[in-house]
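Notes follow the structure.
Number of protein chains: 2
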Amino acid sequence: MQRYFIPQIDWQGNEISIKGDDAHHIIRVMRNQVGDQIICNHQDGNAAICEITSLNQNIVHAAVIDWKAETVELPIAVTIAQGLPKGDKFDLILQKGTELGASRFIPVKMDRSIVVWDGRKIEKKMARFEKIVKEASEQSHRNKIPEIVLPMTVAELIHESVNYDVKIFAYEEEAKVEAHQSFAGIVSRIVDNQKVLLCIGPEGGFSEQEAKKLKENGFHAVRLGPRILRTETASLYALASLSYHLEEINGNHD
Amino acid sequence: MQRYFIPQIDWQGNEISIKGDDAHHIIRVMRNQVGDQIICNHQDGNAAICEITSLNQNIVHAAVIDWKAETVELPIAVTIAQGLPKGDKFDLILQKGTELGASRFIPVKMDRSIVVWDGRKIEKKMARFEKIVKEASEQSHRNKIPEIVLPMTVAELIHESVNYDVKIFAYEEEAKVEAHQSFAGIVSRIVDNQKVLLCIGPEGGFSEQEAKKLKENGFHAVRLGPRILRTETASLYALASLSYHLEEINGNHD
């Protein structure tokens, strides 16, 4: 059943008005009729099976039939702080990160980021990003759309990081040479409802200065397997591992 | 240090001749000089630090200085059998799957595959695929380049599957409704050097007939986390989880 995220303002009790792209999708793409069922997600994270009660050119009305009891969200809130990557890699990180359960994305201007996200174009860029995570949330049957915040500096990220329970950065060199906590060791101590901040460098990795600052501020350096991952693959490895450990191993009733 | 996979024929004892694209990369892209060091991978899976002894217009000679002791390969051999997906998704599966440690890829014609890989164009396609996995192997510092086989049918895959120790297919519906082995349960019983076959459906998933045949032939249905993953994300989730379990949890010395 197709799933739509409906803004709070369009819920009147158990009656929903669906407009814009979603109405277009229901009417023109899915060619739904009155009586057909869809899933509507509320911003509070709940989802309801709804029946279409009327359609016209650009608005669809639906009524809640039943609220769904689902556990499709990771038991923890994972934020991906990603060093600005080149090209359209951030699109891939958003789409795959959403499928894999991330709750928040922070683009971070780092020393070795080659691209600069132009201030004048940032509004248009953010609108595109919002569309990517909304569509990926619908496709993967998530109950929450991840948040994307405006780009920040490493100093701002460190300031922000006081709000997190567990802070990790993918830094192979560090993980190799010094006594360190392994990624699996850290994950095995995570408990439900904790906030996890995972920081990934851009193509060239973290500068030594950045790595030093992150360490001084409570970030643990980890390796994500023994192979060298591209910047856009690192967060996907980490999210899949978190899901596997918390949702598959811990949820394993063999 | 840059890494190159050198065909067996170009090794004469500890002397190596580097030709073609690799020579072009060393001379024109990296602008290496005599005396510079590179890593050369032998087809047997070993890698050597080598010193460039001469360069001319289109050939580079190098000599082995030291063989490297590396463990960057997964302790098991994972084959991804992927239902033919649309567009250029198979490119992404090959690139990311190689980074994440896959050893073999089998494209499989499935009931719900929408695309047909044209017989006349398959040679060109395979050449492009080979290039993707070679470059991804070099980039991720692997010692082995994954093998890509020609597309086969599900019947041929089942015939081929007798060579594997563990057979899994990602089939959410099955994993939901019946008594089943969890993915984590299966992974926790895998031992080093086993051959694992992981089968992923195309965009529309497996047909009931395909799922039935796979089950009858010893494939275990598993879910890969509670969210719905796109076809190109499923193998990445599974490979990251296998790496996390076998290389990070089992290799965890906290």
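For the protein sequence lines, the chains are A and D, in the order given. Each residue of the first sequence is one higher than the one before, starting from 128 at the first, in the working numbering. Each residue of the second sequence is one higher than the one before, starting from 128 at the first, in the working numbering. All C-beta atoms in this analysis are idealised placements derived from N, C-alpha and C, irrespective of residue type, glycine included.
Query, Result
"Can you find a C-beta in chain D that's less than 9 Å from the C-beta of A/ARG231?", "no"
"For A/ILE376, return the contacting residues in chain D, with the cut-off set at a CB-CB distance below 7 Å.", "ALA311"
"Under a Cβ-count criterion, where at least 16 other Cβ atoms within 10 Å of its own Cβ denotes burial, should D/SER181 be classed as buried or exposed?", "exposed"
"Using a Cβ-Cβ distance cut-off of 9 Å, determine whether D/GLU383 contacts chain A.", "Limits of chain D in this structure are 128 at one end and 381 at the other, which puts residue 383 of chain D out of reach."
"State the DSSP-derived secondary structure class of A/VAL260, mapped to helix, strand or coil.", "helix"
"Whole angstroms is fine: what's the gap from D/THR225's alpha carbon to A/ILE233's?", "27 Å"
"Would a check of beta-carbon distances place A/THR360 closer than 9 Å to chain D?", "yes"
"Are any of the Cβ atoms in chain C nearer than 9 Å to that of A/ILE295?", "Judged by its chain identifiers, the structure shown contains no chain C, and its protein chains are A and D."
"Output yes or no for whether 9 Å exceeds the beta carbon distance between A/ARG239 and A/GLU299.", "no"
"I want to see whether chain A comes within less than 9 Å of D/GLN129, judged by CB atoms only; does it?", "no"
"On the CB-based measure, 16 or more other CB atoms within 10 Å of its CB, does D/ILE376 come out buried or exposed?", "buried"
"How big is the Cα-Cα spacing for D/GLN266 and D/GLU359?", "20 Å"
"Alpha helix (DSSP H) containing D/VAL314: first to last residue?", "310-315"
"Taking 6 Å as the limit between beta carbons, can you name the residues of its chain near D/LYS223, skipping five residues before and five after?", "LEU363"
"What whole-angstrom Cβ distance do D/HIS268 and D/ARG130 have, given they're in contact under 8 Å?", "6 Å"
"Please decide whether A/HIS372 counts as near chain D, where near means a Cβ-Cβ distance under 9 Å.", "yes"
"Taking Cβ to Cβ, would you say D/THR167 is nearer than 9 Å to D/VAL199?", "The sequence given here places Cys at residue 167 of chain D; Thr does not occur at that position. For D/CYS167 and D/VAL199, no; Cβs fall outside 9 Å."
"Measuring straight from C-alpha to C-alpha, what distance separates A/VAL318 and A/ASP292?", "10 Å"
"Quick check on the DSSP output: the beta strand (DSSP E) that includes A/HIS188 runs from which residue to which?", "187-195"
"Helix, strand or coil: how does DSSP classify A/ALA297 here?", "strand"
"Using C-beta distances below 7 Å, list every residue in its chain close to D/HIS321, excluding the 5 sequence neighbours before and after it, in chain order.", "For the record, residue 321 of chain D in the displayed sequence is Gln; it is not His. Here the set comprises ILE203, ASP292, VAL293."
"Can you tell me the Cα-Cα spacing of A/ILE313 and A/ALA208, whole angstroms?", "18 Å"
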